[in-house]
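The block underneath contains the structure these notes are about, expressed in structure tokens.
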Amino acid sequence: MSDIIVQVDQLRQFCTDVFAKSLPQREAAIIADNLVDADLLGVESHGVSRVPGYLKRMEQGLIERSTNISLISETPTTAMYDAGNGWGQVVAVKAMQAAIDKAKAYGTAFVGVNNSNHFGTCSYYTRMAAAEGCIGIAMTNSSAMMVPFGSLAPSLGTNPLSFAIPTGAGQDPVVLDMATSNVARGKIIVAKTKGNQIPEGWAVTKDGEPTTDPIAALEGFLLPMGSKGSGLAIMVDVLSGVLTGALFGKRVPRMYEDPEPQNIGHFFGVIRVDAFMPLDEFYRRMQEKIDETVKSQPAKGFNRVYMPGEIESLKMKKQLAEGIALSPAIFRELEQTGRKYGVDIQSYMSKTEETML
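Read in our numbering, the sequence shown has 696 at position 290, and its numbers run on one by one without any break.
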């Protein structure tokens, strides 16, 4: 069945209007922009498909309708925020902006957050820093849905992390945004929504058996990217959970299954490039690094070599011009959610068309 193409501004406005039925307008706009941004990048698992689940948690009283952020502690180069069980996107934008401001003044900065919730894609925040000529770092822990390497007892989240490196005015940053599992759990949720099977190696059943069934995978647990992915996940849990005072490991409630606030943590870092070398020199050296990577001889089966984040950037440019492709299943869920909140998605669709992708 044909995917449905939705113009970016229309989709963003629809999501904003749905969230604004329950949240302050500014917070609704931040969350909507974050989710649409993920779809623009082609990260469907963290895009507007999350709207119904987010709102369900809010309706259950598991996320506050307004994000009341409090400052726990602060130094010239650090800060700690309590998100008040509010929206992860809202506190993450504030925390990253605080880290950027401090790094501009002092060269580097780190900011932690506790008592928070799912904040979408990490790169949404690291790209904020790159846009200011800084290197951005972001990570978050999550509920224990992944086993440590060699274990059958889940005690780790997918615990994603991101780095974004500026490359010059008007140039796309180099962006790494990755889960420490073989795949983000959201991709399995999307597969379930679409009625698709999942590849082997993504997850195992609750009995530890390999599976391609997304339902069995969601009832089971994810696999790390080997011992290195497991080690990275532990480090992210330490910085985002242990260090910030948030919950960590198996203490974190599952996002969709457990009727409890999650109290997850985030950790942000910013490095002002010109605290280490002149910005122009750094950009020149980065271009050398980019050139030696993308101009290297492709291996058999590959057409070319890409820098981290380059494929997502190309996808974003394409969808900004053509619109975002939503599966019929996801579009239907948005339509039902909008109707529930008195927002008719069809009224936003004057430029919508169907296409086979």
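Quick reminder that beta carbons are idealized off the backbone N, C-alpha and C, glycines included. Since the model is a prediction, treat every value here as computed from it, not as a measurement.
query                                                                                                                                                                               : result
Got a sec? Which residues, its chain only, sit under 8 Å from valine 679 by beta carbon, not counting five neighbours each side?                                                    : Gly539, Cys540, Ile541, Pro572, Leu685, Phe688
So if DSSP puts serine 568 in a beta bridge, which residue, or which two residues, is it bridged to?                                                                                : Ala544, Asp583
May I have a chain-ordered list of the alpha helix (DSSP H) segments no shorter than 4 residues that lie completely inside the region 463 to 550?                                   : 494 to 512, 529 to 536
Would the region 516 to 527 and the region 483 to 502 be scored as touching if the rule is three or more Cβ pairs under 8 Å?                                                        : yes
With a Cβ-Cβ cutoff of 8 Å, do serine 636 and proline 554 count as a contact?                                                                                                       : yes
Alpha carbon to alpha carbon, what distance is there between phenylalanine 708 and leucine 468?                                                                                     : 46 Å
Pair every Cβ in the region 586 to 605 with every Cβ in the region 620 to 639, then say whether three or more of these pairs are closer than 8 Å.                                   : yes
Among the residues of its own chain, which have a CB less than 7 Å from the CB of phenylalanine 654, if the five just before and after it don't count?                              : Asn547, Asp643, Gly647, Val648
Considering only C-alpha positions, which residue in the set Phe569, Gly671, Ala559, Leu732 is nearest to lysine 600?                                                               : Leu732
Based on DSSP bridge pairs, tell me the residues matched to valine 676.                                                                                                             : Ala515, Gly542
For the beta strand (DSSP E) containing alanine 795, name the first residue and the last one.                                                                                       : Absent from the model: residue 795. The displayed extent of the chain is 407 to 763, so no value can be given.
Starting from aspartate 409, follow the beta strand (DSSP E) in both directions and report where the run begins and ends.                                                           : 409 to 412
Please confirm whether isoleucine 543 and glycine 675 have their CB atoms less than 8 Å apart.                                                                                      : yes
With 8 Å set as the bound, which would you pick, yes or no: does the beta-carbon of alanine 731 sit closer than that to a beta-carbon of chain B?                                   : Note that chain B does not occur in the displayed structure, where there is just one protein chain.
I need the DSSP call for alanine 575, collapsed to helix, strand or coil.                                                                                                           : coil
To the nearest angstrom, report how far apart phenylalanine 764 and glycine 563 are at their CA atoms.                                                                              : There is no way to answer for residue 764, as the model of the chain reaches only from 407 to 763.
Which partner residues does phenylalanine 627 have in the DSSP bridge list?                                                                                                         : Val610
Assuming alanine 501 contacts alanine 515 (C-beta within less than 8 Å), just tell me the rounded distance between them.                                                            : Alanine 501 to alanine 515, Cβ: 10 Å. No contact.
DSSP state of glycine 748, grouped into three classes?                                                                                                                              : coil
Quick test of the definition: if touching needs 3 or more C-beta pairs under 8 Å, does the region 441 to 452 touch the region 462 to 479?                                           : no
Out of curiosity, what's the CA-to-CA distance linking serine 476 and proline 605?                                                                                                  : 43 Å
Give the DSSP-derived three-state secondary structure of alanine 444 in the structure shown.                                                                                        : helix
Alpha carbon to alpha carbon, how far is tyrosine 530 from threonine 617?                                                                                                           : 32 Å
Is it true that the CB of valine 412 sits closer than 8 Å to the CB of isoleucine 717?                                                                                              : no
Buried or exposed: where does threonine 761 fall if 16 or more other Cβ atoms within 10 Å of its Cβ makes it buried?                                                                : Note that threonine 761 has pLDDT 45, beneath the 50 cutoff, so the model's placement of it is unreliable and the number below is only indicative. Classification of threonine 761: exposed, given that the 10 Å Cβ count is below 16.
Sort Met464, Gly459, Ser472, Ala511 by Cα distance to threonine 484 and report the nearest one.                                                                                     : Ala511
Please state if the CB of methionine 545 and the CB of leucine 441 are separated by a distance shorter than 8 Å.                                                                    : no
Using only the alpha-carbon positions, how far apart do alanine 735 and glutamate 615 sit?                                                                                          : 29 Å
Where do the ends of the beta strand (DSSP E) carrying leucine 638 lie?                                                                                                             : Premise fails: leucine 638 lies in the alpha helix (DSSP H), 632 to 643, not in any beta strand (DSSP E).
Just verifying my parser: in three-state terms, what is the DSSP assignment at proline 620?                                                                                         : helix
Leaving aside the five residues before and after glycine 607 along the sequence, list all residues of the same chain whose C-beta is less than 8 Å from its C-beta, in chain order. : Asn588, Pro616, Leu629
Mark lysine 508 as exposed unless 16 or more other C-beta atoms lie within 10 angstroms of its C-beta, in which case mark it buried.                                                : buried
Go ahead and label threonine 481 buried or exposed: buried means 16 or more other beta carbons lie within 10 angstroms of its beta carbon, across all protein chains shown.         : exposed
Relative to the C-alpha of valine 580, which candidate in Ala489, Ala537, Lys598 has its C-alpha closest?                                                                           : Ala537
Take the Cβ of leucine 558 as the centre, count every other Cβ of all protein chains shown within 10 Å, and call the residue buried at 16 or more, exposed below.                   : exposed
Between threonine 650 and alanine 550, what straight-line distance do the alpha-carbon atoms span, to the nearest angstrom?                                                         : 17 Å
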